[in-house]
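Numbering (my numbering), first residue to last: 76 to 336.
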């Protein structure tokens, strides 16, 4: 694993730490490639059930694309895997839940990394912004796609068209964050949330994420197509060994032992 990203596992959680604090964890090609490889590693590890993404240092989660590298003509896409998206992450599909532990500024591409995560915890001093238009760019790594789907459109447009940062509390009010905690408790809180999720049946968790992730393709919840997808994604879980184990453990008043099958 590259020094650009630190990889650690604790129990059933993989922690991916962007490790360019001297550059506010901004994304160059080396970091993007390392993140993508770390996601692949976590995805293939049967012991990993949740992934936490955070940044090193206490100034920034991620300041976005490395503009100095961009100005020098460097390609910021992950080497050999453009399908992984910005930072090796924004279009990198993984079945396991992902949590952003936002320590400090999440600007530009850093904010888009947060949007790409399933859940997000931030410190009180964190700031989130999409300043691309102030540099002649567009929030093209998910900002214009995802922000309007996660908060009201007029508020999304204000953030995207002004580039003005929002506080962690404002992001929480808008629904971009799950909770805001003291700065020194961000990773601890993210890992605690990960532990709660990891204690649940992994196949059931993954099927839940899969359906919610893909639900934007459907219209009314009364239409047949959404229920057909529900049948295809969710109902097979009811025939797994883990589903039986959950019922037996309940009857026997003990904690279930999940086997992922």
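Beta carbons are placed, not taken as given, at the ideal position from N, Cα and C, and that holds for glycine.
Residue 239, DSSP secondary structure in three states: Translated into positions along the chain shown, residue 239 becomes position 164. Residue 239: coil per DSSP, three-state reduction.
Cβ-based neighbour list, residue 87, same chain, cut-off 7 Å, excluding 5 preceding and 5 following: For the purposes of this step, residue 87 is taken as residue 12 along the chain shown, with counting starting at 1. Within the same chain, and ignoring the five residues on either side of residue 87 in sequence, the residues whose Cβ sits closer than 7 Å to its Cβ are 122, 123, 124, 125 and 273.
Coil, strand or helix - residue 323 by DSSP: Residue mapping note: residue 323 aligns to position 248 of the chain shown, counting from 1. Helix at residue 323.
Beta carbon of residue 179 nearer than 8 Å to that of residue 207: Stepping through the chain shown from its first residue, residue 179 is reached at position 104. Stepping through the chain shown from its first residue, residue 207 is reached at position 132. In this structure, the beta-carbon distance from residue 179 to residue 207 does not fall below 8 Å.
Three-state secondary structure (DSSP) of residue 224: Position 149 of the chain shown holds residue 224. The answer is helix: DSSP assigns residue 224 an H, G or I state.
Alpha carbon of residue 160 to alpha carbon of residue 328, nearest angstrom: Position 85 of the chain shown, counted from the first residue, corresponds to residue 160. Position 253 of the chain shown, counted from the first residue, corresponds to residue 328. Between residue 160 and residue 328, the alpha-carbon positions lie close to 45 Å from each other.
Residue 173 versus 227, 185, 190 and 158, residue with shortest Cα-Cα distance: Here residue 173 is taken as the residue at index 98 of the chain shown, counted from 1. Considering only alpha carbons, the answer is 190.
Run of the beta strand (DSSP E) containing residue 83, from where it starts to where it stops: If you number the chain shown from 1, residue 83 lands on position 8. Its beta strand (DSSP E) spans residues 80 to 85.
Supposed contact pair residue 128 and residue 91 - C-beta distance, whole angstroms, cut 8 Å: Translated into the one-based positions of the chain shown, residue 91 becomes position 16. Translated into the one-based positions of the chain shown, residue 128 becomes position 53. Rounded, the Cβ-Cβ distance is 5 Å, consistent with contact.
Inter-residue Cα distance where the pair is residue 193 and residue 205: Here residue 193 refers to the residue found at position 118 when the chain shown is read from its first residue. Here residue 205 refers to the residue found at position 130 when the chain shown is read from its first residue. Answer to the nearest angstrom: the Cα atoms are 19 Å apart.
Test item: CB-CB of residue 255 and residue 336 under 8 Å: Translated into the one-based positions of the chain shown, residue 255 becomes position 180. Translated into the one-based positions of the chain shown, residue 336 becomes position 261. Taking 8 Å as the Cβ cut-off, residue 255 and residue 336 do not qualify as a contacting pair.
Contained beta strand (DSSP E) runs [length at least 3] in the region 163 to 208, N- to C-terminal order: Here the runs fully enclosed are 173 to 177, 180 to 182, 194 to 198 and 202 to 204.
Cβ-Cβ separation, residue 266 to residue 85 (assumed contact under 8 Å), whole Å: Reading the chain shown from its first residue, position 10 is the one you call residue 85. Reading the chain shown from its first residue, position 191 is the one you call residue 266. Rounded, the Cβ-Cβ distance is 7 Å, consistent with contact.
Alpha-carbon to alpha-carbon, residue 313 and residue 226: For the purposes of this step, residue 226 is identified with residue 151 of the chain shown, where counting begins at 1. For the purposes of this step, residue 313 is identified with residue 238 of the chain shown, where counting begins at 1. Their backbone Cα atoms lie some 33 Å apart in a straight line.
For residue 146, three-class secondary structure by DSSP: Locating residue 146 in the chain shown gives position 71, counting from the first residue. It is helical.
Beta-carbon proximity check, residue 157 vs residue 108, cutoff 8 Å: Numbered from its first residue, the chain shown carries residue 157 at position 82. Numbered from its first residue, the chain shown carries residue 108 at position 33. No. Outside cutoff.
Cβ-based burial, residue 165 [other Cβ within 10 Å; buried from 16]: Taking the first residue of the chain shown as position 1, residue 165 is located at position 90. Burial call: buried.
Three-pair Cβ contact test at 8 Å for the region 97 to 117 versus the region 131 to 141: At 8 Å Cβ cutoff, the stretches touch.
Alpha-carbon to alpha-carbon, residue 97 and residue 238: Within the chain shown, residue 238 is the residue found at index 163, counting from 1. Within the chain shown, residue 97 is the residue found at index 22, counting from 1. The straight-line gap from Cα to Cα measures roughly 23 Å.
DSSP beta-bridge partners of residue 90: The residue labelled residue 90 in the question sits at position 15 within the chain shown. Partner residues in the beta bridge of residue 90, as assigned by DSSP, are 83 and 127.
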